[in-house]
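Residue numbers (our numbering): 9 to 201.
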């Protein structure tokens, strides 16, 4: 395991994991920082997500995991599921854009996706069957269906401003306007006057 990590970010189209000779000092430095989350991809090379579908897929899984973790961490019945998060590095479920050397290698080997998928599956099983977690889910305000939706689901749109969730098809039909944001702004206008 001797390689120069810098080449991954220098060439936008290169996801280079070849071994390169390095000095003993460099080897020790790389070895020491191997598991530390030091690399914020949007700052280093934002095009890396665009040009590397595997990394983009892993990032999406980490975003999904972050939403799931937020539900599980606040549920008093999810004791076993909360313990699962203690076995993974904290940055994996907290910030999808921060990576360690180890994370990049796990993404390349597809071991990260597999372990995240397992964790998500276990947590979702709890969330979908728990009274408290289901109560924290959302109902689409546009179609008024009784179906509970969650921010990480593929057919769901989450408003960036207020966090409300809607079916993606309903969101598109309603001209991409958030009824919750509209209510909030109306209340603020009334409060000001």
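Beta carbons: idealized from backbone N, C-alpha and C, even for Gly.
Using a Cβ-Cβ cutoff of less than 6 Å, which residues in the same chain neighbour residue i once the five nearest sequence positions on both sides are dropped?
i	result
residue 11	Its pLDDT being 47, under 50, residue 11 is placed unreliably in this model, and the value from its coordinates should be taken loosely. Taken in chain order, the residues that qualify are 27 and 28.
residue 182	150
residue 45	99, 106 and 108
Do residue j and residue i have their beta-carbon atoms positioned less than 8 Å apart in this structure?
i	j	result
residue 115	residue 172	no
residue 101	residue 93	yes
residue 178	residue 131	no
residue 124	residue 70	yes
residue 141	residue 83	yes
Under the rule that 16 or more other beta-carbon atoms within 10 Å means buried, what is residue i, buried or exposed?
i	result
residue 60	buried
residue 73	buried
residue 175	buried
residue 77	buried
residue 37	exposed
residue 32	exposed
Can you grab the Cα-Cα spacing for the pair residue i / residue j, in whole Å?
i	j	result
residue 154	residue 104	31 Å
residue 68	residue 146	21 Å
residue 160	residue 47	24 Å
residue 57	residue 95	26 Å
residue 187	residue 143	21 Å
residue 193	residue 139	32 Å
residue 196	residue 167	18 Å
residue 170	residue 201	23 Å
residue 63	residue 43	17 Å
residue 50	residue 120	20 Å
residue 40	residue 198	57 Å
residue 185	residue 156	20 Å
Please work out which residues of its chain come closer than 8 Å, Cβ to Cβ, to residue i, disregarding the five sequence neighbours upstream and downstream, and give them in chain order.
i	result
residue 158	75, 79, 135, 145, 146, 164 and 173
For the ligand ZN, is there any heavy atom lying closer than 7 Å to the beta carbon of residue i?
i	result
residue 163	Absence of the ligand ZN from the depicted structure is noted, as is the absence of any ligand whatsoever, leaving it without description.
At what residues does the beta strand (DSSP E) containing residue i begin and finish?
i	result
residue 175	173–175
residue 165	164–166
By the DSSP assignment, the alpha helix (DSSP H) with residue i in it spans what residues?
i	result
residue 49	49–52
residue 200	187–200
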